[in-house]
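Take a look at the structure below.
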Amino acid sequence: MLFNSFIFAVYLPIVFVLYWFVFNKHLRAQNALIVFVSYFFYGWWDPRFLALIFMSTLFDYLMGIAIHDAPEEKRKKMFMAVSFIVNLTFLGFFKYYNFFAQSLIDAFAGLGVELQLSTLNIVLPVGISFYTFQSLSYTIDVYRGDLKPTRDPVNFYAFVSFFPQLVAGPIERATNLLPQFYEPRHFDFDKAKDGMKQIFWGLFKKIVVADTCADVVNTIFGTYEQHSGSTLFIAAVLFSFQIYCDFSGYSDIAIGCARLFGFELMQNFNKPYLSRDIGEFWRRWHMSLSTWFRDYIYFPLGGSRVSKWLQFRNNMIVFTVSGFWHGANWTFLFWGFLNGLYYLPIMLRKNKRPATSVIADGKLFPSIQEVLAVAVTFFFTVIAWVFFRAKDIQSAFTIVGRILSPDLFTNPATSLDGFNLRDQIIYAFLGIGLLMTIEWFTRTKKHGLEFKTGPTLLRWTAYTAVIVIVFLFRRTGGNLDFIYFQF
1148 MLFNSFIFAV YLPIVFVLYW FVFNKHLRAQ NALIVFVSYF FYGWWDPRFL
1198 ALIFMSTLFD YLMGIAIHDA PEEKRKKMFM AVSFIVNLTF LGFFKYYNFF
1248 AQSLIDAFAG LGVELQLSTL NIVLPVGISF YTFQSLSYTI DVYRGDLKPT
1298 RDPVNFYAFV SFFPQLVAGP IERATNLLPQ FYEPRHFDFD KAKDGMKQIF
1348 WGLFKKIVVA DTCADVVNTI FGTYEQHSGS TLFIAAVLFS FQIYCDFSGY
1398 SDIAIGCARL FGFELMQNFN KPYLSRDIGE FWRRWHMSLS TWFRDYIYFP
1448 LGGSRVSKWL QFRNNMIVFT VSGFWHGANW TFLFWGFLNG LYYLPIMLRK
1498 NKRPATSVIA DGKLFPSIQE VLAVAVTFFF TVIAWVFFRA KDIQSAFTIV
1548 GRILSPDLFT NPATSLDGFN LRDQIIYAFL GIGLLMTIEW FTRTKKHGLE
1598 FKTGPTLLRW TAYTAVIVIV FLFRRTGGNL DFIYFQF
């Protein structure tokens, strides 16, 4: 079920009414309702995978208890290892089997050996990377002693399957979300109102910006051989905003929906394209995944408390694994590796985190130095996104090669096979301009419509304008999916 679909517009109010007016007397009944509606939400795509998420959740529920109750450290480690292996085996089979099988076939073919290894027609379960990492973090936290295991299966099933963030995050920690299922929840009008604002802000990002950019991006990347460096660069810039608005838009809708039901989810994006270096960018981009890798991989490897060489190793491991998490393709691996290289100059500096405060803090406009820093960071990010978007590693290098050549300074294409590129590019950049203007003036806020001060008329004019624009740009056909559903 898609957040930007008609069926979700019907589903959400029904769940809201049931939750607050029918099941509001008993906390356990509310949690049970959450499990039911979340499984309905997830099964809307493909009910076959309900058994997978059910068994995965049951397994980690039992492992959490087993780890906590184990009488000695050796047995705790054994149960933790079993949890780790089983979770990654599920994820690896559905997401990476064909990648490794085909890579082995290609490698042996290069040696003149025909390897008899067949690939499988495997359908990737929606959101498996997200809910696997969420439940795995639970068992890790129990093993570390940061969290006591829950003995209430209803609460645990609600934690893993909570529908707003089930299929594309944020990847919540059990230490934050699970305790909220134990606390009585009372309807808070102000929180609900803010949640609705964030939902519409997320829809604006997805429908007005991301989907408009997608029309141009798909056309140009699909025929990249025909285009100049200037046209390809425009497509790369638009893809940078497409993936940001598509993914952060989903997160905004998820967080807003959760607030309607009395839950607080972690912030997942914080104006990443206002970052002044790549380190700041990764502190503002997909924050739930970045902090997951930091806490469960980077810190256990020694973090920054080791030699420079080991810091470099730890950094490259995290970024490369992050790339591989996104998909079974060499393009994702190289994207992660490239971001790791980008981070190297920051790591080598004594002051590793120079850009920790908000840009132009307390000022209306940034300094020239800040503008240049943001521009340089954005440019390198755009180049990296080419590898994320390209269909294979060869085409990615071809596109980047043209962008970094004198071909960049030629006139971009204005049409292609009857498709009016110029007008679509103009519409896309108008949407981006409005987005970035709002994000600039709300850069200290959690979302773009979080106006708590200022004239009432001005605020409600802004809300109304965003809602009207969303409805004007909405689509009733074609591919409405969010990009991160494939991960």
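Residue numbers (our numbering): 1148 to 1634.
Think of the CB as a built atom: it goes at the ideal place given N, C-alpha and C, for glycine as much as any other residue.
Computed from a predicted model, the values in this text were never measured in an experiment.
Residue environment, residue i, which counts as buried when at least 16 other CB atoms sit within 10 Å
i: residue 1202; result: exposed
i: residue 1588; result: exposed
i: residue 1329; result: exposed
i: residue 1419; result: buried
i: residue 1333; result: exposed
i: residue 1394; result: buried
i: residue 1417; result: buried
i: residue 1520; result: buried
i: residue 1469; result: buried
i: residue 1200; result: buried
i: residue 1568; result: buried
i: residue 1611; result: exposed
i: residue 1204; result: buried
i: residue 1536; result: buried
i: residue 1386; result: buried
i: residue 1511; result: exposed
Reduced DSSP secondary structure (H/G/I, E/B, other) of residue i
i: residue 1567; result: strand
i: residue 1562; result: strand
i: residue 1161; result: helix
i: residue 1250; result: helix
i: residue 1365; result: helix
i: residue 1588; result: helix
i: residue 1434; result: helix
i: residue 1462; result: helix
i: residue 1321; result: helix
i: residue 1389; result: helix
i: residue 1528; result: helix
i: residue 1503; result: coil
i: residue 1219; result: coil
i: residue 1597; result: coil
i: residue 1269; result: coil
i: residue 1414; result: coil
i: residue 1514; result: coil
i: residue 1370; result: coil
i: residue 1171; result: coil
i: residue 1628; result: coil
i: residue 1406; result: helix
i: residue 1377; result: helix
i: residue 1580; result: helix
i: residue 1229; result: helix
i: residue 1297; result: coil
i: residue 1557; result: coil
i: residue 1442; result: helix
i: residue 1151; result: coil
i: residue 1333; result: coil
i: residue 1575; result: helix
i: residue 1450; result: coil
i: residue 1398; result: helix
i: residue 1537; result: coil
i: residue 1313; result: coil
i: residue 1239; result: helix
Whole-number beta carbon distance between residue j and residue i, since they are thought to touch under 8 angstroms
i: residue 1376; j: residue 1549; result: 4 angstroms
i: residue 1392; j: residue 1311; result: Actually they do not touch by this definition, with Cβ atoms about 18 angstroms apart.
i: residue 1475; j: residue 1189; result: That belief does not hold up - the Cβ atoms of residue 1475 and residue 1189 are roughly 22 angstroms apart, past 8 angstroms.
i: residue 1288; j: residue 1622; result: Not quite, the Cβ-Cβ distance comes to about 41 angstroms (not below 8 angstroms), so this is no contact.
i: residue 1285; j: residue 1211; result: 6 angstroms
i: residue 1230; j: residue 1216; result: Not confirmed; about 14 angstroms, so no contact.
i: residue 1348; j: residue 1399; result: 5 angstroms
i: residue 1175; j: residue 1301; result: 6 angstroms
i: residue 1593; j: residue 1414; result: 6 angstroms
i: residue 1315; j: residue 1632; result: 6 angstroms
i: residue 1185; j: residue 1282; result: Wrong, their Cβ atoms sit about 14 angstroms apart, outside the cutoff.
i: residue 1462; j: residue 1449; result: With a Cβ gap of about 11 angstroms, residue 1462 and residue 1449 do not count as contacting.
Segment limits, alpha helix (DSSP H) that includes residue i
i: residue 1494; result: 1477-1495
i: residue 1209; result: 1197-1216
i: residue 1343; result: 1336-1350
i: residue 1190; result: 1174-1190
i: residue 1609; result: 1603-1620
i: residue 1287; result: 1275-1291
i: residue 1260; result: From DSSP, residue 1260 is part of no alpha helix (DSSP H); its letter is neither H nor E.
i: residue 1549; result: 1540-1550
i: residue 1307; result: 1300-1308
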